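> My structure is below; once you've seen it, I'll send some questions.
Number of protein chains: 2
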Amino acid sequence: MSDDRSRARVLRHERVYSGKVLDLDVDEVEEPGGILGRREVVRQRGSVAALPVHEDGRVVLVRQYRYAVNEQVWELPAGRIDPGETPEQGTRRELEEEVGLRPRSLEPLLVFWTTPGFCDEVMHLFRATELESVPPRPEADESIEAATFTLAEAREMIRRGEVREGKTLVALLLELQRPGR
Amino acid sequence: MSDDRSRARVLRHERVYSGKVLDLDVDEVEEPGGILGRREVVRQRGSVAALPVHEDGRVVLVRQYRYAVNEQVWELPAGRIDPGETPEQGTRRELEEEVGLRPRSLEPLLVFWTTPGFCDEVMHLFRATELESVPPRPEADESIEAATFTLAEAREMIRRGEVREGKTLVALLLELQRPGR
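Just so you know, the protein sequences line up as chains F and B, in that order. Taking my numbering, the leading residue of the first sequence gets 1, the next gets one more, and so forth. Taking my numbering, the leading residue of the second sequence gets 182, the next gets one more, and so forth.
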């Protein structure tokens with residue numbers, strides 16, 4: 001029995017892959033309650049995403065090819081947090097790189113796990129307003145298209161299955177919940 | 182240049198890990214637009230989750246330890262789709278196993294990617310109603326606590342950061358959007 005009964009005890013740890021965007025561990029653990037298991041866990045250093053909202057209420061989404069799902073995906077401007085960055089700094093960097101927007105206001109919305117069953121990714125979600133335009137500077141291995149939608153259009157895109165990405169659904173549904181929408 | 186310009190051309194494929202809940206590929210690809218990249222992709226066979234809603238509008242969540250994030254997590258009853266199962270069959274199985282509920286109505290809400298930047302997981306989200314109680318039968322390596330909340334309580338749990346898991350946020354925010362809530 002472990003001393004801290006709310007945490008697992010690691011009986012055996014193996015890093016089976018160490019990569020650029022993720023690592024993979026396979027650990028034998030004793031979880032709270034004495035459950036023994038072999039857990040495959042993707043380790044990722046944390047991500048940021050922001051919903052840019054213009055003064056008239058329109059929102060900015062990006063569309064980019066995602067090899068993992070072999071589709072063009074509508075989603076929030078987003079990315080991994082670079083080493084040494086705060087979530088806010090990472091968000092500001094991604095907004096400038098991907099959509100050429102510099103927010104004067106960046107409101108933290110939520111921090112959540114994208115898929116805690118097998119991955120430790122933490123997603124820091126922001127709402128970006130008072131947007132100033134700057135030249136976008138996409139990374140060499142990115143091809144990103146940005147577009148602006150009314151919230152009613154975004155709601156329709158969800159309904160029609162055109163927006164179907166986790167963090168983007170969370171941010172748009174939160175925006176639809178805001179008082180006055 | 183690939184013939185189908187909306188899809189990537191795989192230049193080199195390597196499966197670096199093949200496991201129980203996930204596989205990991207490292208592929209060299211030429212993506213649409215001619216972008217060359219090395220992509221680390223977690224392959225997972227698809228998941229289901231359901232928001233059980235009682236006749237009085239109260240919702241059922243489960244709390245379980247998740248080793249990947251080393252925390253107890255409030256989330257929807259959910260799980261991977263077993264081979265040969267439809268998403269609806271998988272959802273019904275998980276609802277019986279985890280919370281001992283058999284819905285007479287199972288409404289598809291959304292299908293979305295949890296984290297398409299590096300993982301192909303597809304999440305099939307349902308709304309379960311007209312709930313009949315049956316004996317729960319947890320799996321050997323699971324320890325799950327179920328609880329029932331009003332939608333107002335669930336909204337407060339989101340605000341306080343007590344509900345902070347992607348699919349669960351999506352389902353609860355959708356439920357808060359439903360006409361009449």
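Note that the Cβ used here is the ideal one computed from N, Cα and C, for glycine as well. Bear in mind the structure is a predicted one, so any value in this text is a computation, not a measurement.
1) Excluding five sequence neighbours on each side, which residues of the same chain lie with their C-beta closer than 8 angstroms to the C-beta of L172/F?
2) Just the Cα atoms here: how many angstroms apart are Q64/F and E142/F?
3) Cβ of W294/B within 8 angstroms of Cβ of E165/F?
4) First and last residue of the alpha helix (DSSP H) that includes T349/B?
5) So with Cβ pairs under 8 angstroms, would you call T331/B a contact of chain F?
6) Residues of chain B with a CB under 9 angstroms from the CB of W74/F: which are they?
7) From V99/F to F126/F, what distance separates their C-alpha atoms?
8) What did DSSP end up calling I35/F once you bin it into helix, strand or coil?
9) Identify which residue in L109/F, E97/F, R80/F has its Cα closest to the Cα of A140/F.
10) Can you check DSSP and say which residues form a bridge with E256/B?
11) What's the call for E275/B, buried or exposed, on a 16-neighbour Cβ count within 10 Å?
12) Hey, is the segment 260-270 of chain B in contact with the segment 28-37 of chain F, meaning 3+ C-beta pairs nearer than 8 angstroms?
13) For A68/F and chain B, any beta-carbon pair shorter than 8 angstroms?
14) My output table needs one value for P52/F: the three-state DSSP class, helix, strand or coil.
15) Quick check on the DSSP output: the beta strand (DSSP E) that includes I212/F runs from which residue to which?
16) Report the CB separation of V29/F from Y248/B in whole angstroms; it is logged as a contact under 8 angstroms.
17) Which same chain residues end up closer than 8 angstroms to E195/B when comparing Cβ atoms and leaving out the 5 residues on each side of it in sequence?
18) Look at the alpha carbon of R273/B and the alpha carbon of L109/F, and state the distance between them as a whole number of angstroms.
19) With 16 other CB atoms within 10 Å as the buried threshold, where does A328/B fall?
Working from what's here:
1) Position 172 of the first sequence, counted from the first residue, corresponds to residue 172/F. Around L172/F: L51, V59, L151, A154, R155, I158, V163.
2) Within the first sequence, residue 64/F is the residue found at index 64, counting from 1. Within the first sequence, residue 142/F is the residue found at index 142, counting from 1. The alpha-carbon separation between Q64/F and E142/F amounts to approximately 8 angstroms.
3) The residue labelled residue 294/B in the question sits at position 113 within the second sequence. The residue labelled residue 165/F in the question sits at position 165 within the first sequence. Their beta carbons are under 8 angstroms apart, which means W294/B touches E165/F by this criterion.
4) In the second sequence, residue 349/B corresponds to position 168, counting from 1. Segment 347-358, the alpha helix (DSSP H) holding T349/B.
5) Taking the first residue of the second sequence as position 1, residue 331/B is located at position 150. Not one chain F Cβ lies under 8 angstroms of T331/B.
6) In the first sequence, counting from the first residue as 1, residue 74/F sits at position 74. Ordered by position in chain B, no residue passes the 9 angstroms Cβ test against W74/F, which lies about 11 angstroms from the chain.
7) Sequence index remark: in the first sequence, residue 99/F carries index 99 (1-based). Sequence index remark: in the first sequence, residue 126/F carries index 126 (1-based). Their backbone Cα atoms lie some 15 angstroms apart in a straight line.
8) On the first sequence, residue 35/F is found 35 positions in, with the first residue counted as 1. In this structure, I35/F counts as strand in the three-state DSSP scheme.
9) The sequence position of residue 140/F within the first sequence is 140, counting from 1. It is E97/F.
10) As a position in the second sequence, residue 256/B is number 75, starting the count at 1. For E256/B, the beta-bridge partners assigned by DSSP are V243/B.
11) For the purposes of this step, residue 275/B is taken as the residue at position 94 of the second sequence. It is buried - the Cβ of E275/B has at least 16 other Cβ atoms within 10 Å.
12) Because the criterion of three Cβ pairs below 8 angstroms is not met, the segment 260-270 of chain B and the segment 28-37 of chain F do not touch.
13) Within the first sequence, the letter at position 68 stands for residue 68/F. At a cut-off of 8 angstroms between C-beta atoms, A68/F counts as an interface residue with respect to chain B.
14) Numbered from its first residue, the first sequence carries residue 52/F at position 52. Reduced to three states, the DSSP call for P52/F is strand.
15) Absent from the structure is residue 212/F, since the part of chain F shown begins at 1 and ends at 181.
16) Mapped onto the first sequence, residue 29/F falls at position 29. Mapped onto the second sequence, residue 248/B falls at position 67. The beta-carbon separation of V29/F and Y248/B, rounded to 6 angstroms, stays under the 8 angstroms limit for a contact.
17) Translated into the one-based positions of the second sequence, residue 195/B becomes position 14. For E195/B, where only same-chain residues beyond five positions count, the Cβ hits under 8 angstroms are D206, V207, D208.
18) Along the second sequence, one-based indexing puts residue 273/B at 92. Along the first sequence, one-based indexing puts residue 109/F at 109. Cα-Cα distance, rounded: 33 angstroms.
19) Indexing the second sequence from 1 puts residue 328/B at position 147. Residue environment analysis places A328/B among the exposed positions, since fewer than 16 neighbouring C-beta atoms fall within 10 angstroms of its C-beta.
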